[in-house]
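What follows is a short report on a single structure.
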């Protein structure tokens, strides 16, 4: 493999080859310290949110996690991004998932199933950053927040598509805060990150609520959690202070359902939903599935094949570096085409799947919006509650206790 | 009796909720279990590294790393080097005078230094602190010499991004995830 154009020199002065040692990678121990701290910090938040009812401890965890996971460890690999590694490991037989990445993915889910979204509260550096800068929160109408809360699911769906087809890691590409943690990086994303941070001064956690795909996943486990976060263990006096304090709009006000629906209308509604759900799911699957060829251009090989076609069609254009390299390495266009066809087949399958996922989420959200439940007191919505503990300090019942 | 009736819908909801939670939790655990059995998990970490034999020295390593100065550096395999005076990696092609004037040298940052060993041999050394990974010398060495200069990701500088920014744009697909024992792909070992 090595072309020896010049023979090995024949030294007569007793010259010896220098011994060059290349610096070893960072110790793997750091990965395990990360895992240990992840568990420890989630434990602290769980204790603070359930037992101690203390916001101060959660802010402390946020600051620590921001400094350690964010700025010191520079953010990679994180739990949010680990979705992609897991998907890649499932679809790419050549990729072995490192155990600590699997733990980064699974541990927050396990904690969420037990204690609610304690990971989001302050252990996640992305959330912690927004939490620290948040001063006021202007409440958006329920229609707006409901519409925006679909975005994380769409983001998640496309993340799965691009990771499963080995095209790119979407979450890493569009991570708005990584440039801030590393004090450098893609200018566009840093500008976007700074804008998001400016927004999060006035609106609680815009990234967590309206973008984060891992948050979307955790919201399911949050609503199933075993121990629920409570504003106070004492009786709620319906003072509305916790509702006003909640940065993520996860505390629902009391509501008297006065709509009296007769039985037949109710049955009709359920039948309609039962029809609507598969129809919307199928429609979305068809919609995304039909665009799979256009989406597949995100894959490097498909893009390369496209470029080669362009050069063939228009020989006068400047030959792009990709095509030049392809020709220089003496690769075969026919082989590339079979590869591209296989990739496009994968894209077709996964596009239908993620289309169905998006459709399912859309219809479930619609159905959820149309159900009305009577609430006598202020209640926490476990799917959206991030266990940040802001409400604790506002509840008069809690203050009285202290 | 009427008290019981009034209370019952809430209890029923609670009952359904618990059943639903158990059902959903169970199915989630089941899926996770099924998925986990398919996962190939390894205790070892992965690193990014350049295969020097597929690298085409396109120059993107210098420009596309997210670090201000790329983590990709030029390495030198002394055992492969011919120790020539007229070095394709040290001098620019078609130089008139073989001296160390900047206009004659290939390296834009002056990271390559050489030391006279004995007639007619020179020992070449790379200063990794100055190297920006542009690969100009590597191209010269690979085209006209033995190919003893080659690009590698210097592992203590690499931030190990979940997806390497250079790998995304590498036209030769030379950057791959490798295991710890392959953290460097050195030419003097090949």
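Chains as they are written, first to last, in our numbering: chain A, 87 to 488; chain B, 1331 to 1520. Idealized CB from N, CA, C, for every residue including glycine.
Checklist entry - From which residue to which residue does the beta strand (DSSP E) around residue 1453 of chain B run? => result 1451 to 1456
Next on the checklist: Residues in the same chain with beta-carbon distance under 8 Å from residue 451 of chain A, minus the five sequence neighbours each way, listed in chain order, please.
Outcome noted: 232, 235 and 236
Next on the checklist: Just to confirm before moving on: does the CB-CB distance between residue 1491 of chain B and residue 298 of chain A stay below 8 Å?
Outcome noted: no
Checklist entry - Looking at the unbroken alpha helix (DSSP H) that takes in residue 288 of chain A, where does it start and where does it end? => result 273 to 288
Checklist entry - For residue 1414 of chain B, which of helix, strand or coil comes out of DSSP? => result coil
Checklist entry - For residue 1451 of chain B versus residue 1406 of chain B, is the C-beta distance shorter than 8 Å? => result no
Item to check | Residues in the segment 1349 to 1381 of chain B having any Cβ partner in chain A nearer than 7 Å | outcome: 1351, 1354, 1355, 1365, 1368, 1369, 1370, 1371, 1372, 1373, 1374, 1375, 1376 and 1377
Item to check | Per-residue DSSP class, three states only, for residue 114 of chain A | outcome: coil
Item to check | Span separating the alpha-carbon of residue 320 of chain A from that of residue 285 of chain A | outcome: 35 Å
Next on the checklist: Please report the distance separating the alpha-carbon of residue 392 of chain A from that of residue 287 of chain A.
Outcome noted: 44 Å
Checklist entry - How would you list, in chain order, the residues of chain B whose beta-carbon sits under 7 Å from the beta-carbon of residue 255 of chain A? => result 1492 and 1493
Checklist entry - To the nearest angstrom, how far is it from the Cα of residue 200 of chain A to the Cα of residue 171 of chain A? => result 24 Å
Next on the checklist: I need the straight-line Cα distance from residue 167 of chain A to residue 1480 of chain B, nearest angstrom please.
Outcome noted: 32 Å
Next on the checklist: If distances are taken between C-alpha atoms only, which option among A/103, A/353, A/142 and A/473 comes closest to residue 496 of chain A?
Outcome noted: Since the first residue shown for chain A is 87 and the last is 488, residue 496 of chain A is missing from the structure and cannot be characterised.
Checklist entry - Quick check: the segment 190 to 199 of chain A against the segment 324 to 335 of chain A, are there 3 or more CB pairs under 8 Å? => result no
Checklist entry - Is residue 242 of chain A near residue 1369 of chain B, with beta carbons less than 8 Å apart? => result no
Checklist entry - At a Cβ threshold of 8 Å, is residue 1420 of chain B touching chain A? => result no
Checklist entry - Thinking C-alpha only, which one of B/1373, B/1460, B/1482 and B/1411 is nearest residue 110 of chain A? => result B/1482
Checklist entry - chain B partners of residue 181 of chain A, CB-CB under 9 Å? => result 1370, 1376 and 1507
Checklist entry - From residue 1332 of chain B to residue 483 of chain A, what does the alpha carbon distance come to, in whole angstroms? => result Because residue 1332 of chain B carries a pLDDT of 47, less than 50, the predicted location of this residue cannot be relied on, and the following value inherits that uncertainty. If you take the alpha carbons of residue 1332 of chain B and residue 483 of chain A, they lie about 32 Å apart.
Checklist entry - What residues from chain A crowd round residue 1486 of chain B, counting only those whose CB sits closer than 8 Å? => result 109, 110, 111 and 112
Checklist entry - Would residue 144 of chain A pass as a contact of residue 125 of chain A if the rule is Cβ separation under 8 Å? => result no
Item to check | Inter-residue spacing [alpha-carbon to alpha-carbon] between residue 228 of chain A and residue 266 of chain A | outcome: 31 Å
Item to check | For residue 95 of chain A, the nearest candidate out of B/1508, B/1382, B/1449 and B/1431 (CA to CA) | outcome: B/1449
Next on the checklist: Tell me which residues of the segment 394 to 418 of chain A have at least one Cβ-Cβ distance to chain B shorter than 8 Å, keeping chain order.
Outcome noted: 407, 408, 410, 411, 412, 414 and 415
Checklist entry - If you draw a straight line from the C-alpha of residue 1388 of chain B to the C-alpha of residue 1396 of chain B, how long is it? => result 17 Å
Next on the checklist: Is residue 202 of chain A close to chain B? Criterion is C-beta to C-beta, closer than 8 Å.
Outcome noted: no
Next on the checklist: If contacts are defined as beta-carbon pairs under 8 Å, then residue 214 of chain A and residue 311 of chain A qualify, I think. What distance do you get, rounded to the angstrom?
Outcome noted: About 21 Å separates the two Cβ atoms, so there is no contact after all.
Checklist entry - Are the C-beta of residue 151 of chain A and some C-beta of chain B separated by less than 8 Å? => result no
Checklist entry - For residue 1518 of chain B versus residue 1410 of chain B, is the C-beta spacing smaller than 8 Å? => result yes
Checklist entry - Is it buried or exposed for residue 158 of chain A, if we count other Cβ within 10 angstroms and need 16 for buried? => result exposed
Checklist entry - Residues of chain A with CB under 8 Å from residue 1489 of chain B, in chain order? => result 160, 162 and 268
Item to check | One or two residues paired with residue 1379 of chain B in a DSSP bridge | outcome: B/1506
Item to check | Residues of its chain near residue 252 of chain A, where Cβ-Cβ distance is below 6 Å and the 5 sequence neighbours each way are ignored | outcome: 178
Next on the checklist: Using beta carbons (cut-off 8 Å, strictly below), is residue 91 of chain A in contact with chain B?
Outcome noted: yes
Next on the checklist: I believe residue 387 of chain A touches residue 427 of chain A by the beta-carbon criterion, under 8 Å. Please report the beta-carbon distance rounded to the nearest angstrom.
Outcome noted: Contact doesn't hold; Cβ gap of about 10 Å is too wide.
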